[in-house]
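Going by this note's numbering, the sequence shown opens with residue -8, and the numbers climb by one from there. What follows is a short report on a single structure.
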Amino acid sequence: MGSVQIVTTILAAAITAVAVWLAVRAVLKMVAVIRLGQPAPERFTDKVTRARTMLVETAGHTRMLKWGVVGAAHWFVMVGFVVLSLLVLEAYFEVVSPTGGLPIIGHWTIFGLATEVITVLSVVGILVLMAIRLRNRPSRPGGRSRFTGSTMWQGYFVEWIVLLVLIFGLVIRGFKVATDHFEYPFWATPVSHAVGAVLPDWQDGTSVAAVIKIIISMTWLIVISLNVTMGVAWHRFLAFPNIFFKREPARPAGSGLGALRPMTSQGKPLDFEEADPEKDQFGVAHVEQFSWKGLLDFSTCTECGRCQSQCPAWNTGKPLSPKLLILSLRDHAYAKAPYLLAGGGKDLTGEEKATQAQLAHLDVLALAEADKPLIGTAEEGGVIDPDVLWSCTTCGACVEQCPVDIEHVDHIVDMRRYQVLIESSFPSEAGVMLRNLENKGNPWGAPQNTREDWTKGLDFEVPRVGEVDDFEYLFWVGCAGAFEDRAKKTTRAVATLLNEAGVKFAILGEGETCSGDPARRIGNEFVFQMLAQQNVETLNEAFEGREKAKRKIVATCPHCFNTLGNEYGQLGGEFEVVHHTQLLAHLVSTGKLTPVQPVDGGVTYHDPCYLGRHNRVFAAPREVLGDAIEGDLTEMPRNSERSFCCGAGGARMWMEEKIGKRINVDRVEEAMATGARTVAVGCPFCSTMLSDGVNGKGAGEQVEVIDVATVLLRSVKPEQPQGGKETAPVGG
Ligand code: SF4
Ligand code: SF4
């Protein structure tokens, strides 16, 4: 070993020792913080599916590849990080000897070829990612982008480190070529040979380049170890467990979509008949009351901003960004952690758990952080502003886009639950809706005995459950479908089409009550459970003696469709629920319904969040429209998985929209820009929001908002009076 190698070896060993020590300390700290969260035993089920999903999502980059070039570039950089870690390891042999290499595989041509190809593609990949970050930097003129609010220096730092490590990998090989110690043939490593052609014949060059590569790599490790909240770097490790422990690993996309998590205390679902707010946790009031998976979510966020770029609240000037919400929770959790780890925290009656001695030597900043209310205005020092919390429509666009499967909606609703159930703190206008649900069983407060009024004037009898036993489908009408003028037309259209097709169906009539969706999304789990239990009982009775496959329900409202199909199982109600567009598509494709007169004038379709993103029903409504309209459907730029919310979900239907541009107006402008005269929808709330938007633009005479069922009915029975345009204003 020459003198240069003695120096390079000592340098490499010293910086590696420091970096590893700091990294171990950082990992222990992160594990300790994540373990502060509440138990989540359900995350350990079905490990085989979890492992498979994790491998598919990471190796296949299933989320990222939806972003085209950036996804492909990131894939190469990820593969480069994993495979080229071997070359960092090899550098330790090269600092000791310029002719050194990895034992066994270090001389295989195939290894030389693979690492050469991956290096080149990773260089291209990281340059693309750097260009994208620079082009979208928030500091550029007029620069609002998905990176707004992200810690930009961390992104630049990580990208430069990756680029330098790759370059020095080629320089090491170049010196080996120049000094004739390179064993791989030219055909397998042409770039290394090209680099070698311009480097001098310097025997120690390999060791010097190797120690520089190690110093760069270890500098990265030291910096990220000193910054445990640096998700842009840590996600390289945390993404794997975060995806592994996602809520529903078997779901093809968006594990945190569809059903909401039940309310839990100590990891067990809460039963309101026995729950006690002094003994059981009601929602989340403090950051440590999230589950450990929640804290893992916060730690894993890469600050990529894909969620933010799709969020309807953020895109219409509201203070909510799902990314910034996650970052605020992350920073708060880590800043409060020393206090919690010292034994601090409040019990469920609000009393401090730690003794004075335990907190005596605590950092004053940690104590100050512990004093912050989780929900509060800037003046109150709150971590999350109430306007942020209540701006969410639970549309799921954030969950859909997140490449590391963070479950934003669950966290938002958990915080809402505490605010509603314990603090009684929520937008006051929603109070009327909650009172109506409790007292009348529907958000509008309409008398229960008017639930069947929509059947009046139909030229056929609508059977009730109990009057007939041999129905195939129970037609779940929903509150909007029963009480709201515009939605009633959809209900009548669906009933007419089912009757026309000879489908045996029956309704519950006055036996139906609200599914509970708005109560659950606003955070009132108590009212949700009350309504849901009543409905489950009624439905179980209606289907008594039938196996699950024959407990069929058709619903016109995607919120009911989602709640009955995905959430009633949590309360013992197992049903086969379809949306009316699915049933209608089936009836058309099997020839039971025949469109005879195509609807003309151009038609576009708005995907309701709870039908599309939350439940993956994208094709059926398009199939129905494809059969019923003249020409092709005109798609809006934001459609299917990337559809833009109408603004009504998450109980926002019953809250005033006081900040920024109205979400429905934004969506209507997009729909009108297609030039279509008909905007087809599959949800009564979308229908209301978009109709209001169209009328607000003064375009009610030119553009009509109608349900897919009404479009089909016009095509199947063109002679039937359709009851005029569905543009009447609604209450609520
Ligand atoms: S659910 Fe929708 S509105 Fe709520 S944070 Fe996510 S993207 Fe924004
Ligand atoms: S939450 Fe997910 S999508 Fe949003 S910034 Fe973080 S990693 Fe990206």
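Glycine included, C-beta positions come from ideal geometry on N, C-alpha and C. Note that the structure is predicted; figures quoted are calculated from it, not measured.
Next on the checklist: Among the candidates K327, E695, S678 and A304, whose CA atom is the shortest distance from the CA of R653?
Outcome noted: A304
Checklist entry - Which class does Q439 belong to by DSSP, given the choice of helix, strand or coil? => result helix
Item to check | Exposure label - D171; buried when at least 16 CB within 10 Å | outcome: exposed
Next on the checklist: Determine whether the beta carbon atoms of V590 and S706 lie at a separation below 7 Å.
Outcome noted: yes
Checklist entry - Taking Cβ positions, are R483 and W445 nearer each other than 7 Å? => result yes
Next on the checklist: Using a Cβ-based criterion (distance less than 6 Å to any ligand heavy atom), does E398 qualify as near ligand 2?
Outcome noted: no
Item to check | Other residues of its chain near G722: CB distance less than 7 Å, five sequence neighbours each side excluded | outcome: With a pLDDT of 33 at G722, under the threshold of 50, the modelled position of that residue is not reliable, and the figure given next carries that caveat. The residues are W435.
Next on the checklist: Going by the DSSP bridge assignment, what does A546 pair with across the sheet?
Outcome noted: W467 and H570
Next on the checklist: Which residues does DSSP list as the beta-bridge partners of F496?
Outcome noted: Y464
Checklist entry - Can you tell which of F552, S256 and P438 has the C-alpha that lies nearest to the C-alpha of E501? => result P438
Checklist entry - Quick one: what does DSSP say R26 is sitting in, helix, strand or coil? => result coil
Next on the checklist: I'd like the list of long-range same chain contacts for I366, defined as Cβ closer than 7 Å, with 5 residues on each side in sequence excluded.
Outcome noted: G373, I375, P377, L380, M406 and Q410
Checklist entry - What residue from R227, I206, S130 and A185 has the CA that sits closest to T49's CA? => result R227
Next on the checklist: So, does the stretch 131 to 142 touch the stretch 90 to 106, judging by three or more C-beta pairs under 8 Å?
Outcome noted: no
Item to check | Start and end residues, beta strand (DSSP E) containing V594 | outcome: V594 to Y596
Checklist entry - Roughly how many angstroms separate the alpha carbons of I6 and G387, rounded to a whole number? => result 44 Å
Checklist entry - In terms of DSSP beta bridges, what is V87 paired with? => result Answer is none; V87 lacks a bridge partner.
Item to check | Range of the contiguous alpha helix (DSSP H) that encloses D31 | outcome: Going by the sequence as given, residue 31 is Ala instead of Asp. No alpha helix (DSSP H) contains A31, which DSSP labels as neither H nor E.
Next on the checklist: Taking only three categories from DSSP, how would you classify I366?
Outcome noted: strand
Item to check | Whether V149 touches V223 by CB criterion (7 Å) | outcome: yes
Checklist entry - When you compare only the Cα positions, how much space is there between M521 and N427? => result 13 Å
Checklist entry - Taking the continuous alpha helix (DSSP H) assigned at I109, which residues delimit it? => result T100 to R126
Checklist entry - Going by other Cβ atoms of all chains shown within 10 Å of its Cβ, with 16 needed for buried, is R26 buried or exposed? => result exposed
Next on the checklist: Suppose the cutoff is 8 Å on Cβ atoms and the five residues either side in sequence are ignored; what does the same chain contact list for F417 look like?
Outcome noted: W381, R407, Q410, V411, I513 and G514
Item to check | Beta-bridge partners of K337, as assigned by DSSP | outcome: E343
Checklist entry - Based on Cα-Cα distance, which residue from F474, E85 and V518 lies nearest to G422? => result V518
Next on the checklist: Less than 7 Å between C-beta atoms, sequence neighbours within five positions excluded: which residues of the same chain meet that for E174?
Outcome noted: H98
Checklist entry - If you compare alpha carbons, which of A610, G160, Q524 and P313 is closest to E558? => result Q524
Checklist entry - Is the beta carbon of R252 sitting closer than 7 Å to the one on D401? => result yes
Next on the checklist: On the criterion of 16 or more Cβ atoms from any shown chain inside 10 Å, does L616 qualify as buried, or is it exposed?
Outcome noted: buried
Checklist entry - Given E755, which residues of its chain have a CB within under 7 Å of its CB, disregarding the five upstream and five downstream residues? => result Beyond the ends of the chain as shown, which are -8 and 723, falls residue 755; an answer cannot be given.
Checklist entry - So is R613 buried or exposed if we call it buried at 16+ other beta carbons inside 10 Å? => result buried
Item to check | Any 3 or more C-beta pairs closer than 8 Å across the stretch 260 to 267 and the stretch 293 to 303 | outcome: no
Checklist entry - F159 and I203: beta carbons closer than 7 Å? => result yes
Next on the checklist: Within the continuous alpha helix (DSSP H) that includes E516, where are the two ends?
Outcome noted: E516 to A533
Checklist entry - Does the count of Cβ pairs from the stretch 228 to 244 and the stretch 311 to 323 closer than 8 Å reach three? => result no
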